[in-house]
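In the working numbering, the protein residues as written are 163 to 384. Note that the Cβ used here is the ideal one computed from N, Cα and C, for glycine as well. To start, the structure itself, in structure tokens.
What follows is the structure, given as structure tokens:
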């Protein structure tokens with residue numbers, strides 16, 4: 163899941179971003195701000211992956227806002243002024259959306275961000291469980307099990323239930339995680355024993371199908 167906020171002094175412009183974002187299942191727009199200073203305060207206490215950022219705003223521009231925070235995130239600029247394009251890319255923006263923009267153009271920008279996040283993946287990610295966001299360390303994550311509309315993330319010392327799909331979680335985990343069954347993704351680096359129909363990770367026996375066996379074997383048998 164890509165966690166995002168939007169910053170724009172025009173409520174109508176924010177409404178467009180909110181409507182477009184609501185159509186993308188792997189994008190969670192957590193907050194929208196017309197006040198750039200309120201957004202800065204939010205960023206001091208919350209981690210996000212992406213900011214949709216207007217450039218020409220009163221009090222503080224989008225470009226100056228970026229200089230005021232050390233937080234790390236992807237940027238998609240949203241502005242009515244094309245003359246800012248060159249300067250925006252100096253901030254390593256993922257994309258530059260010129261208002262007004264349609265959903266297709268918005269989706270293209272989000273896909274660029276998704277690919278960039280996948281290439282720069284860290285050694286952990288956050289999932290929403292109830293009203294909390296839980297940090298999941300890849301080195302501790304044994305396997306992921308599908309349970310209806312939820313996924314159960316089983317670590318060495320705990321389990322976390324989150325409302326996600328396999329497609330959504332696959333965009334956030336390393337390639338060492340392999341889907342070995344319709345209902346299971348396994349961490350190949352933590353496999354202790356591999357058999358035709360199951361694999362042992364930690365104290366758990368995880369069922370695998372023939373295709374999953376071959377994929378897992380290629381990774382663990384070197």
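Task: For residue 308, the first and last residue of its enclosing beta strand (DSSP E) - done: One-based indexing of the chain shown puts residue 308 at position 146. Where residue 308 is concerned, the enclosing beta strand (DSSP E) stretches over 303-309.
Open item on the list: Measuring CB atoms only, is the stretch 318-331 touching the stretch 267-280, in the sense that at least three cross pairs come out at less than 8 Å?
Closed with: no
Open item on the list: Quick check: what's the CA-CA separation for residue 243 versus residue 174?
Closed with: Position 81 of the chain shown, counted from the first residue, corresponds to residue 243. Position 12 of the chain shown, counted from the first residue, corresponds to residue 174. The straight-line gap from Cα to Cα measures roughly 17 Å.
- [ ] Note down the Cα distance separating residue 226 from residue 337, rounded to an integer number of angstroms.
- [x] Counting from one through the chain shown, the residue named residue 226 turns up at place 64. Counting from one through the chain shown, the residue named residue 337 turns up at place 175. Cα-Cα distance, rounded: 37 Å.
- [ ] Counting only runs of 4+ residues fully inside the stretch 320-381, write out the alpha helix (DSSP H) ranges in chain order.
- [x] 328-332
Task: Residue closest to residue 377, alpha-carbon to alpha-carbon, out of 366, 365, 358, 363 - done: For the purposes of this step, residue 377 is identified with residue 215 of the chain shown, where counting begins at 1. Here the closest residue by C-alpha is 358.
Open item on the list: I need the boundaries of the alpha helix (DSSP H) containing residue 198, first residue and last residue.
Closed with: Taking the first residue of the chain shown as position 1, residue 198 is located at position 36. Start and end: 198-207.
Open item on the list: Just to confirm the assignment, what range does the alpha helix (DSSP H) spanning residue 386 have?
Closed with: Residue numbering for the chain in the displayed model covers 163 to 384; residue 386 lies beyond these limits and cannot be assessed.
Task: Other residues of its chain near residue 198: CB distance less than 8 Å, five sequence neighbours each side excluded - done: By 1-based counting over the chain shown, the position of residue 198 is 36. Once the five neighbours on either side are set aside, the close Cβ partners of residue 198 are 169, 171, 219, 221, 222, 224, 227.
TODO: Count the other CB atoms, across all protein chains shown, that sit within 10 Å of the CB of residue 164; report buried if there are 16 or more and exposed otherwise.
DONE: Taking the first residue of the chain shown as position 1, residue 164 is located at position 2. So residue 164 counts as buried.
Open item on the list: Let's see if you can read the secondary structure: which residues bound the alpha helix (DSSP H) around residue 226?
Closed with: For the purposes of this step, residue 226 is taken as residue 64 along the chain shown, with counting starting at 1. Residue 226 -> alpha helix (DSSP H) spans 224-229.
TODO: Identify, in the order they occur along the chain, each residue of the same chain with its Cβ nearer than 8 Å to the Cβ of residue 298, setting aside the five sequence neighbours on each side.
DONE: On the chain shown, residue 298 is found 136 positions in, with the first residue counted as 1. So the list reads 286, 287, 288, 289, 315, 317, 322, once near-sequence residues are dropped.
Task: Distance, residue 190 Cα to residue 293 Cα - done: Counting from one through the chain shown, the residue named residue 293 turns up at place 131. Counting from one through the chain shown, the residue named residue 190 turns up at place 28. Approximately 14 Å between the Cα atoms of the pair.
Task: CB of residue 332 within 7 Å of CB of residue 382, strictly - done: Counting from 1 along the chain shown, the entry for residue 332 is found at position 170. Counting from 1 along the chain shown, the entry for residue 382 is found at position 220. Here residue 332 is not near residue 382, since their CB atoms are 7 Å or more apart.
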